[in-house]
Amino acid sequence: MTRSTIKTKENLRQNIRKYRKEHKLTQLQLGIKTELSKDFIYDLEAGRRTPSIDVLCKLADALKVEPYELLK
């Protein structure tokens, strides 16, 4: 894995958590909004999972941001 890939994954993990907390959502509530399990959201925030493009878009929609904002 390149440094760029590692940095992008870390940004994604941190940004999902940051925007979720800004919207005062629990992992369960975000999971319900995105039709993903709470455990999947937990794994994303822990850096154990990497979302597909479709999942990234679902997360961005639920968090009211553009998908690229989750990656930067």
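Residue numbers (the working numbering): -6 to 65.
Ideal Cβ placement from N, Cα and C applies to all residues, glycine included.
| query | result |
| --- | --- |
| Where the alpha helix (DSSP H) through T(-2) begins and ends | -4 to 15 |
| Member of L23, R(-4), S(-3) whose CA lies at the smallest distance from the CA of D54 | L23 |
| From T(-5), T1, R(-4), residue whose alpha carbon lies closest to that of Q38 | It should be pointed out that residue 38 corresponds to Glu in this sequence rather than to Gln. E38 has its Cα closest to that of T1, out of T(-5), T1, R(-4). |
| C-alpha distance - S45 paired with T19, whole-angstrom precision | 21 Å |
| Residue span of the alpha helix (DSSP H) that contains E38, given as start and end | 31 to 39 |
| 8 Å Cβ shell around G40 - same chain, five flanking residues per side excluded | K2, E3, R6 |
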